[in-house]
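Undergrad: Starting off with a structure, shown below.
Residue numbers (my numbering), protein chains in the order written: chain G, 1 to 338; chain V, 1 to 338.
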C-alpha cells in the first residue's frame, strides 16, 4: 500500500519558547529538526532585553544546533524600560522583532509593559527600523476568557497610530480577534498555534483537569476554534503558523500552581497536517507554515524540502523524560519522514 | 479588646462527600465537629444505591462519629437501574433524598443517569414517599461553562411534571440558574457552596493553574458569583447551604488528570461568615446555614448552638497531611470557637 506523502518547502515557526541552559539543550532539537527558522521568544529568565542579550542568546542557540540548517530569528522584550535607542541597536544587531507582554498575563511576564501609550516613541522607532511588533494580546485584570477581546482596542490603536509598523497578534484564540485582524490593514497579521486549532476549554477543564492543555491565551469555545481553523486554512496571508511551544518540566505543570504553556514542538507540524487534511485544505498547508510568515517578515523562502507521511501513530508520552508533549498518547495521523 | 462573636443555632450542611473507609475516618471530623447534620452524597466507590447500602453506610459513619452530636442524612444515587421499589424501601429505611447525576458530569458519575424521562416512575414514587430529589444540574456533552444552563429545561420539566416532589438544584453556579430557581414553585430549592461565593473562573485558570479550586460545576463569571451571593444573603428560603466539600488526596489533584472537587469542610463556615459580613448580611447568616435547609427537608431545627469569633487567621496548608483545604494559606476572618 502506498503511504500518502506531502513534500513541501521547509517550514518556519514564528513563535517559539526555546528557554536557555539545559532546557534549551533538551528542547531545541524538537524545533530545529523540523523548522528551518523560528522566532525565538525573549521571556527567558533573565529576559532578552537588548542587542547584547540577543547576540549572546543567539550564540547559545547556534552553539547547540550542531551542523547548520536552523536559523533562530531573535527578539527582544519590550518593557517599560525599553527606549528607542534599545530598538535601534537591536535592529542593527539583526533582531527582527520586539515582543510586548502586558504585565502578568502569562509565564515570565512579571516585567511586562504596564502602559502601552508610554511606549509610543519605542513603537515609532520600531516602525522606522523595520522591526516587527509581536503582541501577547491580552488585557490583564479582565475576566480570563475576555482578556483577548479587551486587548483589541489597543491593537486597533497601534495599527492606526503606526501605519507602517508591522504588527503580529500572537496566538489568536477567539473569533472576535480573527475578525479584528481581518478588518485591519495588511500591516497587521496574526500567528495561530497548532493547539488552539485542536483544543477548546472543554479539553482543559471540561472533564478532569488537564494541566498539559493549560495555556495562555486560554483555548475558548468550539465557535472560537472553528473561526481559527477557518482563518488558518483560508489562504489569507495575514494568518501564519507560530507554535507558541512552551516547555515546562512535569513538576511545574502537575502541581498546586501550574505553569501555562503547551509543549507542541515535537508534534505541531503533524498535528497541523491533520487539521488541514480534515478540512480538505492540504493544498493551503504549505502557505500557512512555509509561506505567509516569511513574506510578512520580509524573509526569503526557505531552501530545501520536508516530507510528511500519512502513517498514524500515537504521540509519545514523554520528551527527554521530563516534558509531556502535546498529543501525548493521542492518535496523530501524520509524521515527519526521515 | 472584645473579639466580635456570633452565636447561632448549630448549622446543617445539605451536600457533603464523606467518602468511606480510611478517607471517611480522616475527613469526617471536619464536618461532624461543626455541623449537626449533613446530607451525605452517595457517589462512593461502589455507590450507595439502595436501602441496604444506605443502612450499612450510615452505620459506618456513625461508627466513626464517637459520642453523638452528628447525624448523617442518607441519600441513594438514582441511576438507570433504580426502580420505584428501590425508592420505597429506601424511604422506609430513613433515606431522605435521591441524588441524580447525569452520566459523566463529575467525580464518580460514570454510572449516572442517561435518560431523565426514563426515570419518571421513580420520581413519581419519590414524590409519593416524600423523598427529596437532589440534582447535579449539568447537561453532559455541552460546552463546559453552559452545562448548567442547558440543564435548566430538565429542571423546569421535572418541577412541572411532579408538583409535589421536592427538588434541590445542587451547588448553583450561574445567574441564570438562580433566576430559574426563583421563578419555580416553592417545591424547588437550591444549595449554594462556600467556594462558589468566593471563586470565579479566574481563580481556577486566570493566573497559574489552581487544581485545588477546580470543581464541578465550574466557578463562572464575576456576574454569576454576584448573583449567587445575592441569592445566599437574600433571606429567601429557597436558598440554603450545601458545602459540596469533596476531599481528594493531593496526588489525585496535582497530576495530569486532576479530580474535580474543593475540600471545604474545614473552612466553609468561617468563610461563609466572612462573605455575609462583607455583604452586611450577618443577620441572615443563621437562616442560610441553620434554618432554610432544615425547613425544606421537613426536619426540626437543630438543638444547641455554635459560636464563631472574628479572629483572623490563615487557612491551614494541609489537612491530615494529605488534603489541601479550601483557603489554604489564605486569610480567613472568622473561626469556630472552642
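Heads up, the beta-carbon is just placed ideally off N, CA and C, and yes, glycines get one too.
How far does the alpha helix (DSSP H) with residue 215 of chain G in it reach, from first residue to last?
TA: Against the first chain, residue 215 of chain G aligns to sequence position 215. Per DSSP, residue 215 of chain G belongs to no alpha helix (DSSP H) and is neither H nor E.
Undergrad: Among the residues of its own chain, which have a CB less than 6 Å from the CB of residue 180 of chain G, if the five just before and after it don't count?
TA: Position 180 of the first chain holds residue 180 of chain G. Closer than 6 Å at Cβ, skipping near neighbours: 152.
Undergrad: Cα separation between residue 177 of chain V and residue 247 of chain G?
TA: To locate residue 177 of chain V, count along the second chain from 1; it is residue 177. To locate residue 247 of chain G, count along the first chain from 1; it is residue 247. When rounded, the distance between both Cα atoms is 40 Å.
Undergrad: If distances are taken between C-alpha atoms only, which option among G:121, G:73 and G:71 comes closest to residue 79 of chain G?
TA: Taking the first residue of the first chain as 1, we reach residue 79 of chain G at position 79. Selected option, being the one with the closest Cα: G:121.
Undergrad: Per the DSSP calculation, residue 245 of chain V is bridged to which residue(s)?
TA: As a first step, residue 245 of chain V must be located in the second chain, where it is residue number 245. Paired residue(s): V:16.
Undergrad: Cβ atoms of residue 290 of chain V and residue 218 of chain V: under 8 Å apart, would you say?
TA: For the purposes of this step, residue 218 of chain V is identified with residue 218 of the second chain, where counting begins at 1. For the purposes of this step, residue 290 of chain V is identified with residue 290 of the second chain, where counting begins at 1. Cβ distance not < 8 Å, so residue 218 of chain V and residue 290 of chain V don't count as in contact.
Undergrad: Taking Cβ-Cβ distances shorter than 7 Å, what residues in chain V pair up with residue 254 of chain G?
TA: In the first chain, the residue the question calls residue 254 of chain G occupies position 254. The answer, in chain order, is 254, 255 and 256.
Undergrad: In whole angstroms, what separates the C-alpha of residue 148 of chain V from that of residue 137 of chain V?
TA: Start at 1 with the first residue of the second chain, and residue 148 of chain V comes out as number 148. Start at 1 with the first residue of the second chain, and residue 137 of chain V comes out as number 137. Their backbone Cα atoms lie some 6 Å apart in a straight line.
Undergrad: From what residue to what residue does the alpha helix (DSSP H) around residue 309 of chain V run?
TA: Here residue 309 of chain V is taken as the residue at index 309 of the second chain, counted from 1. Taken as a continuous stretch (DSSP letters only), residue 309 of chain V belongs to no alpha helix (DSSP H), being part of the beta strand (DSSP E) at 305–309.
Undergrad: Drop a sphere of 10 angstroms on the beta-carbon of residue 52 of chain G, count the other beta-carbons inside from all chains shown, and report buried for 16 or more, exposed for fewer.
TA: What you label residue 52 of chain G is simply residue 52 of the first chain in a count that begins at 1. That one is exposed.
Undergrad: Determine which residues of the region 192–204 of chain G have a Cβ less than 8 Å from any Cβ of chain V, and write them out in chain order.
TA: Listed in sequence order: 200, 201, 202 and 204.
Undergrad: Would you mind sorting residue 188 of chain V into buried or exposed? The rule is 16 or more other CB atoms within 10 Å of its CB.
TA: By one-based count along the second chain, residue 188 of chain V stands at place 188. By the 10 Å Cβ count, residue 188 of chain V comes out buried.
Undergrad: Would you list, in chain order, the members of the region 208–223 of chain G that have their beta-carbon closer than 8 Å to a beta-carbon of chain V?
TA: Per Cβ criterion, the list reads 208, 209, 210, 211, 212, 214, 218, 221 and 222.
Undergrad: Going by the DSSP bridge assignment, what does residue 102 of chain G pair with across the sheet?
TA: Here residue 102 of chain G is taken as the residue at index 102 of the first chain, counted from 1. BP columns for residue 102 of chain G point to G:113.
Undergrad: Which one of V:236, V:140, V:216 and V:224 has the shortest CA to CA distance from residue 184 of chain V?
TA: What you label residue 184 of chain V is simply residue 184 of the second chain in a count that begins at 1. Of the listed residues, the one whose Cα sits closest to residue 184 of chain V is V:236.
Undergrad: How far does the alpha helix (DSSP H) with residue 72 of chain V in it reach, from first residue to last?
TA: As a working note, residue 72 of chain V is residue 72 in the second chain. Residue 72 of chain V -> not in any alpha helix (DSSP H); beta strand (DSSP E) instead, spanning 71–78.
Undergrad: Step through the CB atoms of chain A and report whether any lies within less than 8 Å of the CB of residue 144 of chain V.
TA: Annotation note: the requested chain A is absent from the structure, which comprises protein chains G and V.
Undergrad: In terms of DSSP beta bridges, what is residue 323 of chain G paired with?
TA: Taking the first chain and counting its residues from 1, one reaches residue 323 of chain G at position 323. G:319.
Undergrad: Determine, using beta carbons only, whether residue 125 of chain V and residue 166 of chain V come nearer to each other than 8 Å.
TA: The residue you call residue 125 of chain V lines up with position 125 of the second chain. The residue you call residue 166 of chain V lines up with position 166 of the second chain. No. Outside cutoff.
Undergrad: Answer with yes or no whether the minimum CB distance from residue 206 of chain G to chain V is below 8 Å.
TA: For the purposes of this step, residue 206 of chain G is taken as the residue at position 206 of the first chain. So, interface residue.
Undergrad: Just curious, the alpha helix (DSSP H) that residue 344 of chain V is in, first and last residue?
TA: As displayed, chain V neither begins before 1 nor continues past 338, which places residue 344 of chain V out of reach and without an answer.
Undergrad: Check the Cβ of residue 190 of chain V against every Cβ in chain G and list those closer than 7 Å, keeping chain order.
TA: In the second chain, counting from the first residue as 1, residue 190 of chain V sits at position 190. None at all; the shortest Cβ gap to chain G is about 23 Å.
Undergrad: Based on Cα-Cα distance, which residue from G:15, G:168, G:99 and G:7 lies nearest to residue 194 of chain G?
TA: Counted from its first residue, the first chain places residue 194 of chain G at position 194. Of the candidates G:15, G:168, G:99 and G:7, the one whose C-alpha sits nearest the C-alpha of residue 194 of chain G is G:15.
Undergrad: If you measure beta-carbon to beta-carbon, which residues of the region 272–292 of chain V are closer than 9 Å to chain G?
TA: Flagged: no residues at all.
Undergrad: DSSP beta-bridge partners for residue 229 of chain V?
TA: For the purposes of this step, residue 229 of chain V is taken as the residue at position 229 of the second chain. DSSP output for residue 229 of chain V lists no bridge partner at all.
Undergrad: Which residues does DSSP pair with residue 331 of chain V in a beta bridge?
TA: In the second chain, residue 331 of chain V corresponds to position 331, counting from 1. Bridge partners of residue 331 of chain V: V:314.
Undergrad: According to DSSP, simplified to helix, strand and coil, what is residue 238 of chain G?
TA: Locating residue 238 of chain G in the first chain gives position 238, counting from the first residue. In this structure, residue 238 of chain G counts as coil in the three-state DSSP scheme.
Undergrad: Closer than 8 Å between beta carbons: that is the criterion. Which residues of the region 110–141 of chain G meet it against chain V?
TA: Within the region 110–141 of chain G, no residue has a Cβ that lies closer than 8 Å to any Cβ of chain V.
Undergrad: Distance cutoff 8 Å, beta carbons only. Does residue 259 of chain V sit that close to anything in chain G?
TA: Here the question's residue 259 of chain V lines up with position 259 in the second chain. Interface residue, yes.
Undergrad: List the endpoints of the continuous alpha helix (DSSP H) containing residue 65 of chain G.
TA: Numbered from 1 along the first chain, position 65 holds the residue referred to as residue 65 of chain G. Residue 65 of chain G -> alpha helix (DSSP H) spans 51–65.
Undergrad: Check residue 7 of chain V in the structure and name its three-state DSSP category.
TA: For the purposes of this step, residue 7 of chain V is taken as the residue at position 7 of the second chain. Note: residue 7 of chain V maps to strand in three-state DSSP.
Undergrad: Against chain G, with Cβ distances strictly below 8 Å, would residue 262 of chain V count as a contact?
TA: Here residue 262 of chain V corresponds to residue number 262 of the second chain, with the count starting at 1. Closer than 8 Å: no.
Undergrad: Going by C-alpha to C-alpha distance, which of V:104, V:216, V:288 and V:214 sits closest to residue 229 of chain V?
TA: Counting from 1 along the second chain, the entry for residue 229 of chain V is found at position 229. The residue with the shortest Cα to Cα distance from residue 229 of chain V is V:288.
Undergrad: Can you find a CB in chain G that lies within less than 8 Å of the CB of residue 324 of chain V?
TA: Within the second chain, numbered from 1, the residue matching residue 324 of chain V stands at position 324. True, the Cβ-Cβ gap to chain G drops below 8 Å.
Undergrad: What residues match up with residue 258 of chain G in a beta bridge as DSSP calls it?
TA: Within the first chain, numbered from 1, the residue matching residue 258 of chain G stands at position 258. V:209.
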